[in-house]
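Line by line, the protein sequences are chains S and W. Sequential numbering of the first sequence, starting at 328, is according to my numbering. Sequential numbering of the second sequence, starting at 328, is according to my numbering. Here the structure comes first, spelled out in structure tokens, and everything after it is commentary.
2 protein chains.
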Amino acid sequence: MSSISSTANFFDRPEKKLLVPPLNFAMVTSGIYRSGHPLPINFPFLEKLRLKTIIYLGEHDLRKVNVEWAARNGIRIFHFQMENCKLPFVENDPEAIAAALQVVVDSRNFPILMHSNKGKHRVGVLVGAMRKLLQKWSLASVFDEYGQFAAGKEDSDIEFIEIFNAELQYDPRYAPTWLR
Amino acid sequence: MSSISSTANFFDRPEKKLLVPPLNFAMVTSGIYRSGHPLPINFPFLEKLRLKTIIYLGEHDLRKVNVEWAARNGIRIFHFQMENCKLPFVENDPEAIAAALQVVVDSRNFPILMHSNKGKHRVGVLVGAMRKLLQKWSLASVFDEYGQFAAGKEDSDIEFIEIFNAELQYDPRYAPTWLR
């Protein structure tokens, strides 16, 4: 380590404040994060990610404080209407998932935070569709990951992931590295 | 989208084979992945990550097939001896965790896969120590993430994460972006 010109100790960084990630936050793959609905307490954490895009899956409008925070930080919001599918008569919407994936296959939108309310079911379906269709994960691995966040598999969701398919167009010049 | 010179459809990629990530695989942060012990069925998936380093926390030697695969792919292995702490009389080793973190704070080692056998407890302690000490996550968030993989919190592990501390040296020129 003689080539090291300067070293620093972590405890020389008193400016570092405690950071609070949103509920069920995780990194999905290069350029993509997932979580539940961000609250103001999570904003300092999210600002460190230098997000360019938020994909929100939900039936209600985003809260005003979130919209204003995104605008201040130059973050573009894509809101795709999607109802909570825990009720047995509500079905996942393949068009919303396909539209969200269309945003995902363009690395110019990176970094992206994709979130629903709890970061469990709806965003789990989106990540599952992405793992299967774009990243070619085996279904067993996709369902494992879904279940890790959903804490109890929702049958209708994993059935949806299994049968989901979409015709997506992408520009190879801007394809994410993990798609090439 | 008129500026797009060429587009391609995902179904034009017949060469894409099904990929099987290792047990409990996840992306921790830029440049770092976590998982359970890789098996040969996972090698094609891992090769796509273009790993430079493996950090293995375990009491036994890595299997020969893994060592040979790593050598073929130019992957350097750091093996830190660490026993399984599910037994109440086995304690986590702070020196092993500190040594592993010393590898983590140098981005020249990226991308890194950190794994234990199941990718639950030992690697969960390492990720927890990293979240707390390097990334300044709140303890509540650190424990949430630990529990998501461990499926039932192990008290001794989360106590270890809470009290863990280490003097780490890093070269600012090679610090990971998320440390700056």
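In this text, a Cβ means the ideal position worked out from N, Cα and C, and glycines have one as well. Here the structure is a predicted model, which is why all the values come from computation and not from measurement.
Straight-line Cα distance separating residue j from residue i
{"i": "Tyr473(S)", "j": "Asn492(W)", "result": "33 angstroms"}
{"i": "Ile368(S)", "j": "Ser468(W)", "result": "12 angstroms"}
{"i": "Phe470(W)", "j": "Gln462(S)", "result": "29 angstroms"}
{"i": "Val392(W)", "j": "His406(W)", "result": "15 angstroms"}
{"i": "Asn400(S)", "j": "Asn419(S)", "result": "31 angstroms"}
{"i": "Phe352(W)", "j": "Leu373(W)", "result": "10 angstroms"}
{"i": "Asp388(S)", "j": "Ala456(W)", "result": "37 angstroms"}
{"i": "Ser333(S)", "j": "Arg500(W)", "result": "Here Ser333(S) scores only 37 on pLDDT, less than 50, and its place in the model is too uncertain to base an answer on."}
{"i": "Arg449(S)", "j": "Glu481(S)", "result": "11 angstroms"}
{"i": "Asp484(S)", "j": "Leu453(S)", "result": "10 angstroms"}
{"i": "Leu409(S)", "j": "Phe487(S)", "result": "Contrary to the premise, residue 409(S) reads as Met rather than Leu in this sequence. In a straight line, the C-alpha of Met409(S) is about 14 angstroms away from that of Phe487(S)."}
{"i": "Ala427(W)", "j": "Asn436(W)", "result": "12 angstroms"}
{"i": "Lys344(W)", "j": "Tyr497(S)", "result": "19 angstroms"}
{"i": "Arg507(W)", "j": "Met441(W)", "result": "21 angstroms"}
{"i": "Ile424(S)", "j": "Gly446(S)", "result": "15 angstroms"}
{"i": "Glu386(S)", "j": "Glu422(S)", "result": "14 angstroms"}
{"i": "Trp464(W)", "j": "Arg458(W)", "result": "5 angstroms"}
{"i": "Tyr360(W)", "j": "Trp396(W)", "result": "18 angstroms"}
{"i": "Ile402(W)", "j": "Gln475(S)", "result": "29 angstroms"}
{"i": "Leu378(S)", "j": "Ala398(W)", "result": "37 angstroms"}
{"i": "Leu384(W)", "j": "Arg390(S)", "result": "43 angstroms"}
Endpoints, alpha helix (DSSP H) assigned at residue i
{"i": "Leu453(W)", "result": "449-460"}
{"i": "Ile490(W)", "result": "482-490"}
{"i": "Ile424(W)", "result": "421-431"}
{"i": "Leu466(W)", "result": "466-477"}
{"i": "Val347(S)", "result": "Element bounds for Val347(S): n/a, residue is neither H nor E."}
{"i": "Lys445(S)", "result": "That residue, Lys445(S), is in no alpha helix (DSSP H); it is neither H nor E in DSSP."}
{"i": "Trp396(S)", "result": "391-399"}
{"i": "Lys375(W)", "result": "370-375"}
Residues that residue i contacts on chain S, provided the C-beta gap is smaller than 7 angstroms
{"i": "Trp314(W)", "result": "The structure shown does not extend to residue 314(W), since chain W spans only 328 to 507, so no value can be given for it."}
{"i": "Ser468(W)", "result": "Val347, Pro348"}
8 angstroms contact criterion, which residue i and residue j should meet: CB distance rounded
{"i": "Trp505(W)", "j": "Ser357(W)", "result": "6 angstroms"}
{"i": "Pro438(W)", "j": "Leu376(W)", "result": "6 angstroms"}
{"i": "Ser434(W)", "j": "Pro503(W)", "result": "5 angstroms"}
{"i": "Leu460(W)", "j": "Glu489(W)", "result": "So it is not a contact: roughly 11 angstroms between Cβ atoms."}
{"i": "Pro365(W)", "j": "Pro349(W)", "result": "5 angstroms"}
{"i": "Val430(S)", "j": "Thr380(S)", "result": "7 angstroms"}
{"i": "Val394(W)", "j": "Ile382(W)", "result": "Between Ile382(W) and Val394(W) the Cβ distance is about 14 angstroms, and since that is not below 8 angstroms, they are no contact."}
{"i": "Met354(S)", "j": "Val355(W)", "result": "7 angstroms"}
{"i": "Gly451(S)", "j": "Ala478(S)", "result": "So it is not a contact: roughly 10 angstroms between Cβ atoms."}
Neighbouring residues, chain W, relative to residue i (Cβ below 8 angstroms)
{"i": "Thr356(S)", "result": "Met354"}
Start-to-end residues for the beta strand (DSSP E) that takes in residue i
{"i": "Ser362(S)", "result": "359-362"}
{"i": "Ile381(S)", "result": "380-385"}
{"i": "Phe407(S)", "result": "403-408"}
{"i": "Leu440(S)", "result": "439-442"}
{"i": "Ala276(S)", "result": "Since the first residue of chain S shown is 328 and the last is 507, residue 276(S) is not available in this structure."}
Beta-carbon neighbours of residue i, restricted to chain W and to distances below 9 angstroms
{"i": "Gln475(S)", "result": "Asn351, Ala353, Gln475, Phe476, Ala478"}
Any non-hydrogen atom of the ligand GTP closer than 8 angstroms to residue i Cβ
{"i": "Ser468(W)", "result": "No copy of the ligand GTP occurs in the structure displayed, which carries no ligand at all."}
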